[in-house]
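Chemist:
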Amino acid sequence: MSTFFNSLGRSMTRAPRSTKRSPTPTSATFPADPSAPKAAPSAGPKPLYLCSPFVESALVKGNFKTIVMLPKYCDIMEWVAVNIFDFYNNLNEFYGCLTEFCTQQNCPTMSAGATLNYTWINQDRKHVHLPAPTYIDYVMTWVQNMLDDDNVFPTKSGQDFPPSFPSTVKHIYRQLLRVFAHIYHAHYAQILHLRSEPHFNSLFAHFLAFGGEFELLEMKDMHGSSSAPVGVGALWERWKGMGILTQ
Ligand SMILES: [Zn+2]
């Protein structure tokens, strides 16, 4: 990072970071998926987000690999940090539009598939079920606190990233993936109602491509178990089949 950015006060250090991000592009649609079902989305038991035209709906043409690759002369830790910062902020903004729907009544568990409900590990190391809005609030607060902590996400000149940084960002990635997974599973109708599905698909595809490129995604987190598959795991497979994501 330049010393100019680092000479700014702590409260100012986040804004320059976003200028170096790999922004989710905004100019086209995913190529049509030749294997996509032509039936109306309501005709099958498939979730809407796996159905045409929604599965192709995005603002990006082609493969995401080019926008996630490490730019020349950019430190890899810094590149990961700025992108995590960006994914977090964008996801937070989307979720902010859904909070009136994601309530304790509508979402009593952190669901992400027909048989999948994530548990939170509490202070006693016990797995507990939480309503989705509570779970997501915990995740977002936890991530925000880390982004604000200079010992975790250093912003000052000459300050190294801690050795634990790679494992920290993997933890963050896992939890942000769960938030994406809940939104797709439980709130896709509202995303469609807001006509935000191209943006949301692009954000998620960007998140997955970045996670793949820098090995931040665990396969088991993407697929879940056979008895409790992750809903968006199927979306990920479809996008790989369409050539939007590699791996
Ligand atoms: Zn919800």
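Residue numbers (our numbering): 1 to 247. Built from N, CA and C at the ideal position, the CB exists for glycine as well.
Quick one: measure Cβ to Cβ for L116 and V230, integer angstroms, because I've assumed they're closer than 8 Å.
Modeler: Indeed, because the Cβ distance is near 6 Å, the residues count as touching under 8 Å.
Chemist: If you draw a straight line from the C-alpha of A189 to the C-alpha of F94, how long is it?
Modeler: Those two C-alpha atoms are separated by around 14 Å.
Chemist: Within 10 angstroms of its Cβ, does G211 collect 16 or more other Cβ (buried), or is it exposed?
Modeler: So G211 counts as buried.
Chemist: Can the beta-carbon of T109 be found less than 8 Å from the beta-carbon of A132?
Modeler: It is a contact, given that the beta carbons lie within the stated cut-off.
Chemist: Please name the residue in N151, Y184, E213 whose C-alpha comes closest to that of F200.
Modeler: Out of N151, Y184, E213, Y184 has the C-alpha closest to the C-alpha of F200.
Chemist: Is there at least one non-hydrogen atom of ligand 1 closer than 7 Å to the beta-carbon of N117?
Modeler: The answer is no for N117.
Chemist: Could you tell me which uninterrupted beta strand (DSSP E) segments, each at least 3 residues in length, are contained entirely in the region 150 to 213, listed from first to last along the chain?
Modeler: Runs found: none.
Chemist: Nearest by alpha-carbon distance to W120: which of Y138, A112, N106, T103 is it?
Modeler: That would be Y138, whose Cα lies nearest to the Cα of W120.
Chemist: Contact between the region 232 to 244 and the region 74 to 92: three or more CB pairs below 8 Å?
Modeler: No, the region 232 to 244 does not touch the region 74 to 92.
Chemist: Helix, strand or coil: which one does DSSP assign to A112?
Modeler: Three-state DSSP puts A112 in a strand.
Chemist: Have a look at D150, N106, V55, N92 and flag the residue whose alpha-carbon is nearest the alpha-carbon of G243.
Modeler: Answer by Cα proximity: V55.
Chemist: Is the beta carbon of C107 sitting closer than 8 Å to the one on L194?
Modeler: Result no, Cβ atoms of C107 and L194 do not sit closer than 8 Å.
Chemist: Tell me whether N6 sits in a helix, a strand or coil according to DSSP, three-state version.
Modeler: Here the model assigns N6 a pLDDT of 34, short of 50, so the residue's position is not dependable, and the following value carries that caveat. Reduced to three states, the DSSP call for N6 is helix.
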